[in-house]
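Worksheet for the structure shown next.
In the UniProt record's numbering, the protein residues as written are 1 to 580.
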């Protein structure tokens, strides 16, 4: 019991570390949200500041203009005042010239002097009227200026207040930025979500740290130790449960609880159980709804929707993982029969069609995703649920080819993968001798694989990491036959070993989904009379996409280059080849 307690304490201590680090991640997220919120507030305040500054700028221009107008008015008033003074002098002199008896007698008979007096007096009255109007205008302008200066003073106070808010906000943003820089947790930077940062955004794992990942791994190991000790401590109970499991088909009707308990024990021993949809019914027959905690469906793009019903029914949570741009489900029913069934039962096409898969149904149920343009028709779009764009298997140019023909150039190759692989096209012509098989293609493959075997043996390897893939069954069958006959005569390896290698390394595209090799030879087959077969192979990008992405470092096409190089998707392979 002391061993159990010791490992239990170690587990709980590790769990404490993980929980602390998770809390740090939550705090980092909160910091980011605060920072994001502050940034939005900063934008609002900056906008307000700009608006105030513009108003102050306009007021400055207006007050400058008003001052200039007041100055002009002063000048005009001063000029009128001087004119009035001159007229006053003139009028005064006329008045003085009329003093005395003799001068008055002269004035009575001299109409010119009288007219002059009247004229200058009238002129003076006009100037006085102008002066009053200008004075009034100056007064109004001055009042307007005072009002604008008061408004400016008010705006300056607002500007000072806004600037203080900005300074405080910038101080908080600097503190948050300092936390982001110092923290070991990956927190998005300011431009993280910009279009220019697409590649970095796809490869970044947010809200975690190397330490958290390490501690979680250690926690898992600690849990496995406890798991083992639990099984050892309860070996008798487990023994009887295993016996019940062996007899589950006999017990399922008579005592289903025993079977359920036996399955629970089996899941305890083997936390992950792998099976196929074809065997799921016999394996989990009689098991009730929501019995399985998690169901992970791999290569979900190849499975027809109805195949998953039993597994879905028995599972609480389901994750479908697949690629709808790779191999589609194999459906034996004719399209018109499927359409009749769908229409008769009023079922949507995305659920019942030759193209429908577990993956496509799961995608349609997913609120998060991406509308992908069809490779052959840009107006046709498909909803892809939570696309994972980071690709780590293939080097360029294989990565580039797949990205162009199938993924709208959305895939991302991590920046640390800097090596460049090889892509070439062996131009081999000939006549088809059995369906799509061309003997010259087979002979080329035999020579290339013999060299690969010799190279692998020199490097101390058991066998070469090479695949031969073809769209057509007849081609792969005949190449297998040729290799089994001729390879043993070219290399010093047991025929049995060669045959085993041939059986697992040569096949159609459908048999290689999910597999990978250092080098792939893609044998197209066909001759001049079989263009229809070639057109079928490039009707959609799926088949070529799978073939190209099986190759980690090298990909070579074997076929009639002149005839095939300009066909859809093949033209991309031809264009991107770097071995000629």
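C-beta atoms are modelled at their ideal positions from N, C-alpha and C, and glycine is treated no differently.
Same chain, Cβ closer than 6 Å to residue 560, five either side skipped, listed in chain order: Closer than 6 Å at the Cβ level, and outside the excluded window around residue 560, lie 429.
Quick one: does residue 213 have its CB under 8 Å from some CB of chain C? This model lacks chain C altogether, as it is built from one protein chain only.
Tell whether a beta-carbon distance below 8 Å holds between residue 518 and residue 552. Between residue 518 and residue 552, the C-beta spacing is below 8 Å.
What does the Cβ neighbour count give for residue 400, buried or exposed, with the cut at 16 atoms within 10 Å? By the 16-neighbour rule on beta-carbons within 10 angstroms, residue 400 is buried.
Can you tell me whether DSSP reads residue 295 as helix, strand or coil? Strand, per DSSP.
Using only alpha-carbon positions, find the residue among 146, 17, 204, 23 that is nearest to residue 415. Answer by Cα proximity: 204.
Which residue marks the beginning of the alpha helix (DSSP H) containing residue 200, and which one marks its end? Bounds of the alpha helix (DSSP H) holding residue 200 are 198–203.
Between residue 318 and residue 295, how many whole angstroms is the CB-CB distance? I'm expecting something under 8 Å. In this structure residue 318 is in contact with residue 295, their Cβ atoms being roughly 5 Å apart against a cut-off of 8 Å.
Residue 345 in three-state terms, based on DSSP: Collapsing the DSSP output to three states places residue 345 in coil.
Assess, as a yes-or-no matter, whether the region 249–257 is touched by the region 43–59 under the definition of 3 or more beta carbon pairs within less than 8 Å. Between the region 43–59 and the region 249–257 there are fewer than three inter-stretch CB-CB distances shorter than 8 Å, so the stretches are not counted as touching.
Note down, in chain order, each residue of its chain lying with its Cβ closer than 6 Å to the Cβ of residue 594, except the 5 sequence neighbours on either side. The requested residue 594 does not occur in the structure, where the chain is confined to residues 1 to 580.
Nearest CA to the CA of residue 207: which residue from 468, 516, 21, 419? It is 21 whose Cα lies nearest to the Cα of residue 207.
Are residue 81 and residue 125 closer than 8 Å when you measure CB to CB? Taking 8 Å as the Cβ cut-off, residue 81 and residue 125 do not qualify as a contacting pair.
Sheet register partners of residue 427 (DSSP bridge): Under DSSP, the beta-bridge partners assigned to residue 427 are 559.
When you compare only the Cα positions, how much space is there between residue 437 and residue 508? The alpha-carbon atoms of residue 437 and residue 508 are separated by roughly 13 Å.
If you check the beta carbons only, do residue 148 and residue 66 fall under 8 Å apart? In this structure, the beta-carbon distance from residue 148 to residue 66 falls below 8 Å.
In whole angstroms, what is the alpha-carbon distance linking residue 311 and residue 364? Going by the C-alpha atoms only, they are around 19 Å apart.
Limits of the unbroken alpha helix (DSSP H) element including residue 368: Boundaries cannot be given for residue 368, as no alpha helix (DSSP H) includes it and DSSP labels it neither H nor E.
Please tell me whether residue 512 and residue 469 are closer than 8 Å, where the distance is taken between their beta carbons. When the beta-carbon positions are compared, residue 512 and residue 469 come within less than 8 Å of each other.
Would you identify the three-state DSSP class for residue 569, choosing helix, strand or coil? Here residue 569 sits in coil by DSSP.
Whether residue 549 touches residue 393 by CB criterion (8 Å): Contact: yes.
Who are residue 171's beta bridge partners in DSSP? Residue 171 pairs with nothing; no bridge assigned.
Residues sharing a beta bridge with residue 350, DSSP: DSSP lists no partner for residue 350.
Are residue 196 and residue 327 close, meaning C-beta to C-beta below 8 Å? Result no, Cβ atoms of residue 196 and residue 327 do not sit closer than 8 Å.
Could you tell me the distance, in whole angstroms, from the CA atom of residue 109 to the CA atom of residue 88? Note that residue 109 scores a pLDDT of 47, beneath 50, so its modelled location is shaky; the value from the coordinates is reported in the next line. Their backbone Cα atoms lie some 24 Å apart in a straight line.
Just confirm the distance between the C-beta atoms of residue 558 and residue 506, as a whole number of angstroms; I'd bet it's less than 8 Å. A Cβ-Cβ distance of about 13 Å is found for the pair residue 558 and residue 506, leaving them out of contact under the 8 Å criterion.
Can you tell which of 564, 481, 32, 395 has the C-alpha that lies nearest to the C-alpha of residue 192? Looking at 564, 481, 32, 395, the one whose alpha-carbon comes closest to that of residue 192 is 32.
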